[in-house]
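> Chains as they are written, first to last, in my numbering: chain Y, 8 to 381; chain A, 9 to 396.
Here a beta-carbon is modelled for each residue, glycine too, at the ideal position from N, C-alpha and C.
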Amino acid sequence: MKIRISREDLSTELYKLQGVVSQRSTLAILSNALLEADGDTLTMHATDLDISVSTSCPCEVIESGRVTLQAKNLFDIVKNLEDGEIEIETEDNHWAKLQSGSVNCRIVGTHPDDFPQIPETTGLEMYPIATDHLLDMIDKTIFSISTEDARPNLTGAFFKLTDANTLLMVSTDGHRLSKIEANPEKFEASGSTPQQLRDGIIIPRKGLHELKRVVDVKGAELAFGLKDNNIVFKHGPLTLSVRLIDGSFPDFTQVLPKESDKKALVDKDVLQQALKFVSLFASPKTHNVRLALTDEGLELYATDPDRGEGLKVVPVEYTGPAVKAGYNFKYLLDVLSAVDGDEVTVEIIDTLSPTLVRDTTRDEMLFVVMPMRL
Amino acid sequence: MRIIFHMDMDAFYAAVEQRDNPELQGLPVIIGGPSKRGVVSTASYEARPFGVHSAQPMAQALRRCPEAVVVKPRMSVYVEVSRQIMEVLHTFIPVIEPLSLDEAFMDMTGTENLFGPPVEAAMAIKDAIRAKTELSCSIGIGSNKFLAKLASDLDKPDGITLVPFGNEREFIAGLPIRKLWGVGPKSAERLENLDLMTIGDIAEADISWLRERLGKSYADHIHALANAQDARSVNPSRGRKSVGSETTLFDDIQGVEAVKKVFREQCESVARSLRKKNLRASGVRLKVRYSDTFKLSTRQGPLPEPSSDSMALYEAGCALMDTIDLESPIRLVGAAAFDLNDGDEPAQIDMFTTQDRRKTETLEKTLDAIEEKFGRKVLRASSVRKKD
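#1: Could you run through the region 345-374 of chain A and flag, in chain order, every residue whose CB is less than 7 Å away from some CB of chain Y?
#2: Which first and last residues belong to the alpha helix (DSSP H) in which residue 83 of chain A is found?
#3: Spell out whether any CB of chain A is found under 8 Å from the CB atom of residue 179 of chain Y.
#4: Distance check for residue 204 of chain A and residue 182 of chain A, CA to CA, integer angstroms please.
#5: Is the shortest distance between the beta-carbon of residue 223 of chain A and the beta-carbons of chain Y less than 8 Å?
#6: Could you tell me whether any Cβ in chain Y is nearer than 8 Å to the Cβ of residue 395 of chain A?
#7: Can you have a look at residue 240 of chain A and say buried or exposed, based on whether 16 or more other CB atoms are within 10 angstroms of its CB?
#8: Assuming contact is defined by CB atoms lying nearer than 8 Å, are residue 79 of chain A and residue 63 of chain A in contact in what I supplied?
#9: I'd like the span of the beta strand (DSSP E) that includes residue 106 of chain Y, first residue to last.
#10: Quick one: what's residue 262 of chain A bridged to in DSSP?
#11: Since residue 312 of chain A contacts residue 361 of chain A with CB under 8 Å, what's their CB separation in whole angstroms?
#12: Taking all protein chains shown into account, decide if residue 220 of chain Y is buried (16 or more other Cβ within 10 angstroms of its Cβ) or exposed.
#13: Output, in sequence order along the chain, the residues in the region 318-342 of chain A whose CB is closer than 9 Å to any CB in chain Y.
#14: Using Cβ-Cβ distances below 8 Å, what residues of the region 308-336 of chain Y are close to chain A?
#15: Can you give me the C-alpha to C-alpha distance between residue 251 of chain A and residue 344 of chain A, rounded to a whole angstrom?
#16: Residues of chain Y with CB closer than 8 Å to the CB of residue 74 of chain A, please, in chain order.
#17: Taking the beta strand (DSSP E) that residue 29 of chain A belongs to, which residues open and close that run?
#18: Taking 8 Å as the threshold (beta carbon to beta carbon), is residue 2 of chain Y in contact with chain A?
#19: In chain Y, what lies closer than 7 Å to residue 312 of chain A by C-beta?
#20: Could you name the residues of the region 258-276 of chain Y whose beta carbon sits closer than 7 Å to any beta carbon of chain A, in the order they occur along the chain?
#21: Please name the residue in Y/164, Y/108, Y/115 and Y/12 whose C-alpha comes closest to that of residue 39 of chain Y.
#22: Would residue 3 of chain A and residue 274 of chain A be called neighbours here (beta carbons separated by less than 8 Å)?
#23: What number of angstroms, rounded off, separates the C-alpha of residue 396 of chain A from the C-alpha of residue 255 of chain Y?
#24: Beta-carbon separation of residue 136 of chain Y and residue 186 of chain Y under 8 Å?
#25: For the beta strand (DSSP E) containing residue 274 of chain Y, name the first residue and the last one.
#26: Give the interface partners of residue 155 of chain Y over in chain A, defined as CB-CB distance under 8 Å, in chain order.
#27: Against chain A, which members of the region 80-101 of chain Y pass a CB distance test of less than 9 Å?
#28: Determine, using beta carbons only, whether residue 272 of chain Y and residue 350 of chain Y come nearer to each other than 8 Å.
#29: Examine chain A for any beta-carbon lying closer than 8 Å to the beta-carbon of residue 123 of chain Y, and answer yes or no.
#30: Grouping DSSP H, G and I as helix and E and B as strand, with all else coil, what is residue 1 of chain Y?
#31: Is residue 85 of chain Y near residue 42 of chain Y, with beta carbons less than 8 Å apart?
#32: Return helix, strand or coil for residue 241 of chain Y, following the three-state DSSP convention.
#33: Please classify residue 268 of chain Y as buried or exposed, where buried requires at least 16 neighbouring CB atoms within 10 angstroms.
#34: Exposed or buried, what is residue 112 of chain Y when buried is set at 16 or more other beta-carbons lying within 10 Å of its beta-carbon?
#35: How is the alpha helix (DSSP H) around residue 224 of chain A delimited, first residue to last?
#36: Looking at residue 39 of chain A: is its Cβ nearer than 8 Å to the Cβ of residue 93 of chain A?
Right under this line is the structure:
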């Protein structure tokens, strides 16, 4: 293989592989990127066996071929070159010779045949979706995905095409739940929509995180498709395949609280600041803050033997009975940062029941936070 | 200034055996598994001059001291004696941090008016332990935990050592580096290669020179200790990290169902201990020992929410069973709860745990109360009750 390529183009595309290549994998080859030159394109692949990224950019192919190089190293080298043309040529021992301006280097490589198979996605039926809409759905749910391997089915977001042909994304770690049901622009369900999507799939957190990292909101169109047990995203030259999580997502509809008359209307920023203030007195172990709701206001209170106690009352619009419950304040802050509007409604039913938080400007989403037993 | 005591029982397991079996008194006694593959867990003072010490392979110990009497450990007895000892310590001071069955830190700051000068207080503690258990211990006294622990080892058995307040650095300067907390044989060798032989050598070494050679955090750690500085406080809650129960079975068992049955009983017992101590666990551990290889295998995982209910422990434990070999013959099954919180601390509620499940905790508490009144095993969950 021998190519001539712009440093900037190569650097931009190599960046997209970095989240997937692992430094510590037991399989050394997984820290590598496979580079393939053919026609007038350089295609690059990286995989951790669960997530695969492929991307490409135009280049001058003097001799087509393949090479496998340590992905992070290569990216660091290319990043540190001055702008201009780079020439890469493979050597007999699978190493690569890189020349650019006054720089000459030889980079260790391994046999390209050792690189794992990348899922083939050409010809796959793809469903376009507005990039900003999908990213918004991810932003509203990604923070409540479980990080606990003991419940693998909760370590991803549940993604489903509903009977009403809307797209639903739900995540929960058992302590809180986020749900958004949207009608994203450009997305259209049809008779050919795979049953798998109608049943619902679980997309692992890392896959969503990678998608967020590599997708450019202002860039090319985004589309997704399903192949075997993978969800495939395509975005310009980029293809991201994410292996779905096996298992079934719990029936969350059971735990969603019914709308009640105990709805309190609060200014989001005021509540956020009050939580941050009172949390200075919360136990660093439990993060517990108690919320007490009366028609006088919402009282936030935290105490810890090593810190003392702190209390703040914020104004609310509330007509229901007096009620209180304790929460991990971090969960409440996570929800508030996901809210777009200026006001939220908080529905505390009792000390043990799920508490509902909603953005007053966006009916299509809701957040549930479980209290702490006091 | 703080006054910290470190109480360390003398050859604890061996001393308990010699107390309970007078014919062992004066003989070299080694506590450990009878198999030649085992290791020494404790050697009596009679065995130590032969070069027998704990953690040594049993075969080597017996080569050095062929006449030693090897006694199989009776953990349940040691646990009970340990409980008595800690109870005695609690009659002196509430701030106790047990390190193991036979060691504890006590923060004795400000007790002079109650118990007199530190050495007198230490004598009173030793007398009280001897009166209750007929066993001896050594006590180290210092202005921090490190000094107290180091001191308790300087005059063993049956000694009291006080690191003079105000002259701590000088007192420890001449001691070998191995006496520093966190310096094992490997790191000792490394330090000796740098010509650091005594604690004083490290105290006087230039800190940036040390950091370059040992890495920042380790250098800072031993440099502080060598200068007799240790800010860690005596932490009573650190004492207990897990609550466990295990049985060596009369007959080997095999298969998931058989293991589940024993594990269920262990969970009952663990949950009962948790409730008795007003603790809740957030994690459960399953432990099995295989008959053929004697190897121990463990798996652990989180509970959906902190609990002291046996079913919650059991179900979380069963979820771990498909990742462990249960088909080979098994001679021991154990359960342990870890990640312990005070039962009065706020506990995060799990969305998918039903209210019914929470009721079993209340139910089990009620059963505890009944058992307390009418004795053990009057009432048990039907899955645990043995067939007559």
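Let me lay it out:
#1: 353, 354, 355, 356, 357, 358, 359 and 360
#2: Working through the second sequence from its first residue, we reach residue 83 of chain A at position 75. Taken as a continuous stretch (DSSP letters only), the alpha helix (DSSP H) holding residue 83 of chain A covers 83-100.
#3: Mapped onto the first sequence, residue 179 of chain Y falls at position 172. Yes, contact with chain A.
#4: Taking the first residue of the second sequence as position 1, residue 182 of chain A is located at position 174. Taking the first residue of the second sequence as position 1, residue 204 of chain A is located at position 196. Distance between the alpha carbons of residue 182 of chain A and residue 204 of chain A is about 12 Å.
#5: Locating residue 223 of chain A in the second sequence gives position 215, counting from the first residue. No, its Cβ sits nowhere closer than 8 Å to a Cβ of chain Y.
#6: The count along the second sequence starts at 1 and reaches residue 395 of chain A at position 387. Low local confidence applies: a pLDDT of 42 at residue 395 of chain A is under 50, so the model's placement there is unreliable, with the coordinate-based value given in what follows. Cβ-Cβ to chain Y under 8 Å: no for residue 395 of chain A.
#7: Translated into the one-based positions of the second sequence, residue 240 of chain A becomes position 232. The residue is exposed, with fewer than 16 neighbouring Cβ atoms inside 10 Å.
#8: As a working mapping, residue 79 of chain A is identified with position 71 in the second sequence. As a working mapping, residue 63 of chain A is identified with position 55 in the second sequence. No. Outside cutoff.
#9: Start at 1 with the first residue of the first sequence, and residue 106 of chain Y comes out as number 99. Residues 103-107.
#10: Numbered from 1 along the second sequence, position 254 holds the residue referred to as residue 262 of chain A. Bridge partners of residue 262 of chain A: none, in fact.
#11: Sequence index remark: in the second sequence, residue 312 of chain A carries index 304 (1-based). Sequence index remark: in the second sequence, residue 361 of chain A carries index 353 (1-based). Yes, they are in contact, since the Cβ atoms of residue 312 of chain A and residue 361 of chain A sit about 5 Å apart, within 8 Å.
#12: The residue labelled residue 220 of chain Y in the question sits at position 213 within the first sequence. By the neighbour-count rule (16 or more Cβ atoms within 10 Å), residue 220 of chain Y is not buried but exposed.
#13: 324, 327 and 328
#14: 333 and 335
#15: Within the second sequence, the letter at position 243 stands for residue 251 of chain A. Within the second sequence, the letter at position 336 stands for residue 344 of chain A. If I take the Cα positions, the gap works out to 5 Å.
#16: Here residue 74 of chain A refers to the residue found at position 66 when the second sequence is read from its first residue. Going along chain Y, no residue has its Cβ under 8 Å from residue 74 of chain A, so there is no contact; the nearest lies around 46 Å.
#17: Position 21 of the second sequence, counted from the start, is the residue given in the question as residue 29 of chain A. Run containing residue 29 of chain A: none; DSSP gives neither H nor E here.
#18: Residue numbering for chain Y in the displayed model covers 8 to 381; residue 2 of chain Y lies beyond these limits and cannot be assessed.
#19: Residue numbering aside, residue 312 of chain A sits at position 304 when the second sequence is read from its first letter. 181, listed in chain order.
#20: 262
#21: In the first sequence, counting from the first residue as 1, residue 39 of chain Y sits at position 32. Checked all of Y/164, Y/108, Y/115 and Y/12; the closest Cα to residue 39 of chain Y is Y/115.
#22: Absent from the structure is residue 3 of chain A, since the part of chain A shown begins at 9 and ends at 396.
#23: Residue 396 of chain A sits at position 388 when you count from the first residue of the second sequence. Residue 255 of chain Y sits at position 248 when you count from the first residue of the first sequence. Residue confidence is low: residue 396 of chain A scores 38 on pLDDT, short of 50, so the model does not pin down where it sits. No coordinate-derived value is stated.
#24: Here the question's residue 136 of chain Y lines up with position 129 in the first sequence. Here the question's residue 186 of chain Y lines up with position 179 in the first sequence. Against a cut-off of 8 Å, the Cβ pair of residue 186 of chain Y and residue 136 of chain Y comes out as no contact.
#25: For the purposes of this step, residue 274 of chain Y is taken as residue 267 along the first sequence, with counting starting at 1. Start and end: 270-274.
#26: Locating residue 155 of chain Y in the first sequence gives position 148, counting from the first residue. Within 8 Å Cβ-Cβ: 310.
#27: none
#28: Counting from one through the first sequence, the residue named residue 272 of chain Y turns up at place 265. Counting from one through the first sequence, the residue named residue 350 of chain Y turns up at place 343. Taking 8 Å as the Cβ cut-off, residue 272 of chain Y and residue 350 of chain Y qualify as a contacting pair.
#29: The residue given as residue 123 of chain Y occupies position 116 in the first sequence. No, residue 123 of chain Y lies away from the interface with chain A (no Cβ there is under 8 Å from its Cβ).
#30: No answer is possible for residue 1 of chain Y: it lies beyond the span of chain Y, which begins at 8 and ends at 381.
#31: Position 78 of the first sequence holds residue 85 of chain Y. Position 35 of the first sequence holds residue 42 of chain Y. No, they are not a contact pair.
#32: On the first sequence, position 234 is the one that residue 241 of chain Y refers to. Strand.
#33: Residue 268 of chain Y sits at position 261 when you count from the first residue of the first sequence. It is exposed - the Cβ of residue 268 of chain Y has fewer than 16 other Cβ atoms within 10 Å.
#34: Here residue 112 of chain Y is taken as the residue at index 105 of the first sequence, counted from 1. By the neighbour-count rule (16 or more Cβ atoms within 10 Å), residue 112 of chain Y is not buried but exposed.
#35: Here residue 224 of chain A is taken as the residue at index 216 of the second sequence, counted from 1. Unbroken alpha helix (DSSP H) run through residue 224 of chain A: 224-234.
#36: By 1-based counting over the second sequence, the position of residue 39 of chain A is 31. By 1-based counting over the second sequence, the position of residue 93 of chain A is 85. No, the pair does not count as a contact, with Cβ atoms beyond the cut-off.
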